[in-house]
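A.B. asks: For what it's worth, the working numbering labels the leading residue of the sequence shown as 2, then goes sequentially.
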Amino acid sequence: MPCATDTTTIKIKVPLKNRLDSLKIHPRESYTDVIGRLVEMAVDDEPLSDATIKAIEESLEDIKKGRVYTLEQVMSELKDE
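What follows is the structure, given as structure tokens:
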């Protein structure tokens with residue numbers, strides 16, 4: 002069973018390392034902490050409610066049936082108000 006002090010090495014490209022550096026809260030923050038924070042932000046443990054799932058399904062059906070507006074149409078409508 003892995004222990005909390007176990008480590009591994011990974012290779013990442015320089016641009017990604019630079020992005021990780023820019024996401025540090027403070028200069029001495031470890032990459033483990035930065036990556037851990039990003040993973041926590043990316044993973045949503047809370048399941049979607051039935052109402053949310055229904056709304057998503059209805060929206061997908063609208064898209065399939067062409068019941069959508071272009072950005073230009075929306076902007077024009079808002080401009081007219």
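Glycine included, C-beta positions come from ideal geometry on N, C-alpha and C.
These figures come from a predicted structure and were not determined experimentally.
For the alpha helix (DSSP H) holding L79, just list the boundary residues, first then last.
C.D. replies: Translated into positions along the sequence shown, residue 79 becomes position 78. Run containing L79: 72-81, per the alpha helix (DSSP H) assignment.
A.B. asks: Contact check, V35 vs L21 under 8 Å by CB: the rounded distance?
C.D. replies: Numbered from its first residue, the sequence shown carries residue 35 at position 34. Numbered from its first residue, the sequence shown carries residue 21 at position 20. Their Cβ separation, rounded to whole angstroms, is 5 Å, which keeps V35 and L21 in contact under 8 Å.
A.B. asks: Distance, Cα to Cα, Y77 vs T10?
C.D. replies: Residue numbering aside, residue 77 sits at position 76 when the sequence shown is read from its first letter. Residue numbering aside, residue 10 sits at position 9 when the sequence shown is read from its first letter. The identity of residue 77 in the sequence shown is Ser, whereas the question assumes Tyr. Cα to Cα, the separation comes out at about 53 Å.
A.B. asks: For K66, name the three-state secondary structure that DSSP assigns.
C.D. replies: Translated into positions along the sequence shown, residue 66 becomes position 65. Coil, per DSSP.
A.B. asks: Should K18 be listed as close to the ligand ADP, given that the test is whether its C-beta is under 8 Å from any heavy atom?
C.D. replies: The ligand ADP is not among the ligands present in this structure, which contains no ligands whatsoever.
A.B. asks: Select from H27, L79, S23, S31 the residue whose C-alpha is nearest the C-alpha of T8.
C.D. replies: Here the question's residue 8 lines up with position 7 in the sequence shown. T8 has its Cα closest to that of S31, out of H27, L79, S23, S31.
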